[in-house]
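**Student:** Each residue of the sequence shown is one higher than the one before, counting from 1 in UniProt numbering.
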Amino acid sequence: KNATSTKMGKAVLDLQNKLPLARVVYASATGASEPKNMIYMSRLGIWGEGTPFRTFDDFLHTIEKRGVGAMEIVAMDMKVSGMYIARQLSFSGVSFRIEEISLDDDFKLVYNKAAKL
Numbered sequence: 001k002n003a004t005s006t007k008m009g010k011a012v013l014d015l016q017n018k019l020p021l022a023r024v025v026y027a028s029a030t031g032a033s034e035p036k037n038m039i040y041m042s043r044l045g046i047w048g049e050g051t052p053f054r055t056f057d058d059f060l061h062t063i064e065k066r067g068v069g070a071m072e073i074v075a076m077d078m079k080v081s082g083m084y085i086a087r088q089l090s091f092s093g094v095s096f097r098i099e100e101i102s103l104d105d106d107f108k109l110v111y112n113k114a115a116k117l
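#1: List the whole-angstrom C-beta distance separating L13 from I39, where the pair is believed to meet the contact cut-off of C-beta under 8 Å.
#2: Here's the rule I'm using: 16 or more other beta-carbon atoms within 10 Å means buried, otherwise exposed. How should K1 be labelled?
#3: Report the option in S81, I63, W47 and D105 whose CA atom is closest to the CA atom of P35.
#4: Using 8 Å as the Cβ pair cut-off and three pairs as the minimum, do the segment 74 to 85 and the segment 22 to 37 touch?
#5: Pull up the distance between the alpha-carbon of V110 and that of L117, whole angstroms please.
#6: Since A86 contacts K79 with CB under 8 Å, what's their CB separation in whole angstroms?
#7: Please look up how many angstroms separate the CB atoms of Q16 and V25, rounded, as I've assumed it's under 8 Å.
#8: Which whole-angstrom value is the C-beta distance of M83 and L44, which I expect to be below 8 Å?
#9: Taking all protein chains shown into account, decide if I98 is buried (16 or more other Cβ within 10 angstroms of its Cβ) or exposed.
Written out as structure tokens, the structure reads:
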């Protein structure tokens, strides 16, 4: 997945570089979950001239060094400035229960082998 994500991010970044006047809307299922996945979001104005971060690498290093809390602050700032909208599905009407299910020895063997991987 990581290699695919990197390829996709590079492709989107290349496309934006080829079309400097194009308007862009970024849509992602994971949003601002990890700073390294934001590399293609070059038009948000979070890094570059006139920002605290000269390059994406400066942004990445600073946020990763400060941890999850720093990424939460970035996401919060993006929401406040209108550049980020996060939605969540409703849990209305959802229920769950915990059940204990007996497993046969064959299943336990397969599970244990898989867990060792």
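Just so you know, even glycine gets a beta-carbon here, dropped at the ideal spot from N, CA and C.
**Tutor:** On the basis of the data shown:
#1: 6 Å
#2: Only weak support exists for where K1 lies, its pLDDT of 48 falling under 50; the coordinates are left without a value.
#3: I63
#4: yes
#5: Looking at the two C-alpha atoms, the distance is approximately 11 Å.
#6: Contact flag correct, Cβ pair sits at about 7 Å.
#7: That belief does not hold up - the Cβ atoms of Q16 and V25 are roughly 12 Å apart, past 8 Å.
#8: 6 Å
#9: exposed
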